[in-house]
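Just remember that our numbering sits 30 ahead of the position in the sequence shown, which is counted from 1. C-beta: ideal position from N, C-alpha, C; glycine also. What follows is a set of notes on a single structure, which appears directly below.
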Amino acid sequence: MVRSSAIRVLTASILLSVISAGFLNGQMKVISGIVTDTTGVGVAGATVFIPSVERGTLCGNDGSFRLAFTPGESGEFMVIFSCVGYNTDTVTLKASEALDGIRVALIPATTIIDGVEVRARRPDNITVISIPAVAGAVIPSVSGGVEAAVATLPGVSTFSELSSGYSVRGGSYDENLVYLNGVEVYRPYLLRTGQQEGLSRINPDLTASVNFSPGGFSAAYGDRMASVLDITYREPEYREGSVSLSLLTSSVHAGAHSDDNRFWFIAGARYRSNAILLGGLDTRGAYRPHFADIQAIGGFRPDGRTGITLTLWGSMNRYTFLPRSQTTTFGTFENAYRLYAFFEGGERDRYYSGGGALTLERKHTDRHSSKLIISTNLADEYENHDIRGAYSLSALDRNLGSENNPDTLLNAGAGSWLSHARNSFRSLISGVSYRGSLSSGRNGLEWGLAVRHRSYDSFRNEWLRVDSAGYTQGQQGDWLALTTRTLLGNETRSFTSEGWLISRRHFTVAGRACDLNAGIRVSYDTYCSEMLVSPRVSLRSKITRQVSLYCAAGAYHQPPEVRELISEDGEGGSDPKAQRSYHLTAGVHYDFMAWDRPFRFTAEAYGKLFDRLIPYKTDNVRLIYYGGNIAEGYSAGIDMRVNGEFVPGVESWFSMSLMKSEMQIPGLSTGWYPAPFDQRIHFSIFFQDYLPGHPDFRAHINVAFGTGIPTSPPDHEQWDIWFRMPPYRRIDIGFSKVLLGAGRANRDSFMKELVAGIEIFNLSDIRNTISYTWIRTVRNSQGETREYAVPNYLTRRSLNLKLTAHF
Numbered sequence: 031m032v033r034s035s036a037i038r039v040l041t042a043s044i045l046l047s048v049i050s051a052g053f054l055n056g057q058m059k060v061i062s063g064i065v066t067d068t069t070g071v072g073v074a075g076a077t078v079f080i081p082s083v084e085r086g087t088l089c090g091n092d093g094s095f096r097l098a099f100t101p102g103e104s105g106e107f108m109v110i111f112s113c114v115g116y117n118t119d120t121v122t123l124k125a126s127e128a129l130d131g132i133r134v135a136l137i138p139a140t141t142i143i144d145g146v147e148v149r150a151r152r153p154d155n156i157t158v159i160s161i162p163a164v165a166g167a168v169i170p171s172v173s174g175g176v177e178a179a180v181a182t183l184p185g186v187s188t189f190s191e192l193s194s195g196y197s198v199r200g201g202s203y204d205e206n207l208v209y210l211n212g213v214e215v216y217r218p219y220l221l222r223t224g225q226q227e228g229l230s231r232i233n234p235d236l237t238a239s240v241n242f243s244p245g246g247f248s249a250a251y252g253d254r255m256a257s258v259l260d261i262t263y264r265e266p267e268y269r270e271g272s273v274s275l276s277l278l279t280s281s282v283h284a285g286a287h288s289d290d291n292r293f294w295f296i297a298g299a300r301y302r303s304n305a306i307l308l309g310g311l312d313t314r315g316a317y318r319p320h321f322a323d324i325q326a327i328g329g330f331r332p333d334g335r336t337g338i339t340l341t342l343w344g345s346m347n348r349y350t351f352l353p354r355s356q357t358t359t360f361g362t363f364e365n366a367y368r369l370y371a372f373f374e375g376g377e378r379d380r381y382y383s384g385g386g387a388l389t390l391e392r393k394h395t396d397r398h399s400s401k402l403i404i405s406t407n408l409a410d411e412y413e414n415h416d417i418r419g420a421y422s423l424s425a426l427d428r429n430l431g432s433e434n435n436p437d438t439l440l441n442a443g444a445g446s447w448l449s450h451a452r453n454s455f456r457s458l459i460s461g462v463s464y465r466g467s468l469s470s471g472r473n474g475l476e477w478g479l480a481v482r483h484r485s486y487d488s489f490r491n492e493w494l495r496v497d498s499a500g501y502t503q504g505q506q507g508d509w510l511a512l513t514t515r516t517l518l519g520n521e522t523r524s525f526t527s528e529g530w531l532i533s534r535r536h537f538t539v540a541g542r543a544c545d546l547n548a549g550i551r552v553s554y555d556t557y558c559s560e561m562l563v564s565p566r567v568s569l570r571s572k573i574t575r576q577v578s579l580y581c582a583a584g585a586y587h588q589p590p591e592v593r594e595l596i597s598e599d600g601e602g603g604s605d606p607k608a609q610r611s612y613h614l615t616a617g618v619h620y621d622f623m624a625w626d627r628p629f630r631f632t633a634e635a636y637g638k639l640f641d642r643l644i645p646y647k648t649d650n651v652r653l654i655y656y657g658g659n660i661a662e663g664y665s666a667g668i669d670m671r672v673n674g675e676f677v678p679g680v681e682s683w684f685s686m687s688l689m690k691s692e693m694q695i696p697g698l699s700t701g702w703y704p705a706p707f708d709q710r711i712h713f714s715i716f717f718q719d720y721l722p723g724h725p726d727f728r729a730h731i732n733v734a735f736g737t738g739i740p741t742s743p744p745d746h747e748q749w750d751i752w753f754r755m756p757p758y759r760r761i762d763i764g765f766s767k768v769l770l771g772a773g774r775a776n777r778d779s780f781m782k783e784l785v786a787g788i789e790i791f792n793l794s795d796i797r798n799t800i801s802y803t804w805i806r807t808v809r810n811s812q813g814e815t816r817e818y819a820v821p822n823y824l825t826r827r828s829l830n831l832k833l834t835a836h837f
């Protein structure tokens, strides 16, 4: 007993001495912040060192750091920030000042060294492309955000700068998967034009990582036929905040954590109005778009192995349009026409959505971890418009020297129309998912289970009357002849269960390292009453230090959603089944040095076979399905991309795609016809630059070119008559200047960085076509009628000003 008491007294004395020494030498301080490059991208692995106390730490993947230390008696200390490939920066701080939110930008250094071999783990899915999270914030684009950066990748096409929707390797918008923190994101249902589309669900201010696969993705992802976009929001490791103001989108975000790192939160809110863009369209009137959203994430770590996260989000998108007139000139130089129209009435639409997710993560051991997600997503959409108009179509005199040039030569047609819509849509999607992983070195197993309940209630009541004869012609006495009419209601309830298993293996063949990812996905949907089995496999082999070859194959089945279930005339397929596709992909990565900087060239060839397709056509951004699994098709092409530091310290890339996508309906004599998004050639550039010696003055360029996609008149199907729209061509450019905080932390100001910018959209002022309005003239003396395709043009050249402050 005496000996035990003596030990306790001795232990307490030692602890008291240590604690007392800590107070005598000074109070413990914590310094935190972020280390970035000259473009604002976090520098992973940068070293933060305080020589006076010989304490240091390494930055995380996003460049953030946190270091506890005890300052000297003077209270002033020096901090050294360094990283391989960057110039070292030194900052002197005072212990009495605020030490959180320190922001340091390292300037790239060019050093010639002997050849070395670097080994790093890539994502398990070899077809994944990782995009710098900051690209979504800096890329000049009307829609902005992460989707604008995705649209610059090979195989990805976009046809309207007003929409965040994109097509991948000839697939439709509905064939793309989007995950945000492990929860699937859904597109609005009633959208018909890009003008109505509000903010994307993805907030670039909160984004930590962006991974995209254009095909051949693993069994861990759901059943869609085209692509998957996987977004992860970050956990703040220090107090942070920003405010951004612009003529289009304004945003604010804030994040923080508790002193013991057990609690953290990050939240962001945005407001957008694209009225200045819509004011340049051919259709003039009062545009009143109001789009807003808010997202908040909070986390709690009761211990070092458990994490609980709650995510909440909500959006309110309102679009009001009171059209007044439209003037559109189109045609060729020899055959030019002008459409003039005036309108009465208006359109009022609203799109509300919201939801939440509760995530429980547990790291059972260093090798075994699991995650449980409970989520719900609801949407309430309403579309209301009554618009009456009258038009006059005239041929223009373009003969040189004519006294009428460029006035009208003759009237080709006149008429009126009345458009009416009362459409509504409500949905509630709830689900529970579980996933686990077990790793052993570079080998491992992953598995998952999920259940989801979907509830859709949709109602459409819309009709259009076009009168080109000058009077309204009745039908059967009191009946009114309408050009088109849709009246339908639909209630859909379904329950989906799914599970997947993946095995990852690393092995060596003939001295070459290989990585194998093999998995299987099984799902069952009560609406289709069909069991879907999707095996998927990918293999990568390191041929040399610079060259890697890879291939992937798999089955991808897509159960019908509410859009595919009901056709335009209200008739659905008698026995709806999942659409099926089979992917085969092969590619090569070639890593090389140019200008003493690293680059990568990627080439990927692919082929996809489809059956049980539900054919559809496009109208602006709206997809109109015919109902029934009656078609089959294929897509084949090659994607190429080169990315690297064309300018030291900043990544840029060039992408090019060649593709052919066709469909056919067995039993019809029309044979093969181009798929609705069959874009044969697509080329894009995302380039970043800064003035030599002045990295605080930056430039960003976004270039897109794509050949035209097929379209057809409204009274014909695409497999009967079709023609191609003009190519999509666009150049957007942005300039920015760091006014405060360039190159080092500003300790005398609460504001860590202030950036002013200007963006010029559609620099060449090219008039791109998104769809057509079809005008038919009355019969002439020979009983003939003519039909004119009047293009609906997208936005013209416009200017945006931005001011962003980081705290």
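Can you give me the start and stop residues for the alpha helix (DSSP H) that residue i sits inside?
i: E177; result: 176-180
i: G375; result: Per DSSP, G375 belongs to no alpha helix (DSSP H); it is in the beta strand (DSSP E), 366-393.
i: I156; result: No alpha helix (DSSP H) holds I156; DSSP gives it neither H nor E.
i: V168; result: 165-168
i: L595; result: 592-595
Using only alpha-carbon positions, find the residue among the options that is nearest to residue i.
i: T526; options: F321, I550, H483; result: H483
i: L402; options: T815, P319, V481, Q709; result: V481
i: P353; options: F837, L278, I417; result: I417
i: Y216; options: R254, I169, R826, I327; result: R254
i: C544; options: Y554, F455, S568; result: S568
i: V677; options: V651, H730, R452, R710; result: H730
i: R472; options: L546, I739, L426, A451; result: L546
i: G617; options: G245, G285, V733, G529; result: G245
i: A786; options: L833, V65, P704, R760; result: L833
i: T799; options: L824, A74, A322; result: L824
i: I761; options: A284, P170, I110, Y636; result: P170
i: E692; options: D641, D726, M670, H712; result: D641
i: R728; options: Q748, Y703, V768; result: V768
i: R523; options: I532, N491, C558; result: C558
i: I296; options: S485, A181, S288; result: S288
Looking at the strands, I want to know which residues DSSP matches up with residue i.
i: E191; result: Note: E191 sits in no beta bridge, so no partner.
i: S173; result: Looking at the DSSP assignment, S173 forms no beta bridge with any residue, so it has no partner.
i: N659; result: Answer is none; N659 lacks a bridge partner.
i: N453; result: E413
i: K401; result: E391, R465
i: F640; result: S611, G663
i: T339; result: G329, T389
Could you give the residue range of the beta strand (DSSP E) that holds residue i?
i: E817; result: 817-823
i: E783; result: 783-791
i: E205; result: Here E205 belongs to no beta strand (DSSP E), and DSSP marks it neither H nor E.
i: G764; result: 758-770
Give every residue of the same chain whose Cβ lies closer than 7 Å to the Cβ of residue i, excluding the five residues on either side of it in the sequence, and list them in chain order.
i: V820; result: T358, F360, L369, Y802, T803, I805
i: L388; result: L340, I404
Consider the C-beta atom of residue i and the heavy atoms of the ligand FMN; say whether any pair is separated by less than 7 Å.
i: Y317; result: With respect to the ligand FMN, the structure shown offers nothing to examine, as it has no ligands at all.
For residue i, which residues in the same chain have their Cβ closer than 8 Å to its Cβ, ignoring the five residues on either side in sequence?
i: L829; result: L277, I788, E789, I790, F791
i: T120; result: M108, V109, I110, F111
With a threshold of 6 Å on Cβ separation, who are the neighbours of residue i within its own chain once the five nearest residues in sequence on each side are excluded?
i: S399; result: K393, S467
i: A835; result: V273, M781, L784
i: V148; result: Only weak support exists for where V148 lies, its pLDDT of 42 falling under 50; the value from the coordinates is given anyway. Excluding residues within five positions, none has a Cβ falling inside 6 Å.
i: E413; result: L220, D379, A451, N453
i: R152; result: A caution first: R152 carries a pLDDT of 45, below 50, which makes its placement in the model too unreliable to give a value.
i: P744; result: W804
i: P590; result: P606
i: A635; result: A616, I668
i: V563; result: V552
#### Entry: 3 or more residues per run - each beta strand (DSSP E) lying fully within the stretch 65-133
77-80, 85-88, 94-99, 106-112, 119-124
### Task
Scan the stretch 482-559 and note each continuous beta strand (DSSP E) run of 3 residues or more that stays entirely inside, going in chain order.
514-539, 542-555
#### Entry: Those runs of the beta strand (DSSP E) which lie wholly inside the stretch 710-755 and span at least 3 residues
711-721, 724-736
### Message
Restricting to runs no shorter than 3 residues, where is the beta strand (DSSP E) found entirely within the stretch 267-335?
### Response
270-276, 279-287, 293-302, 313-333
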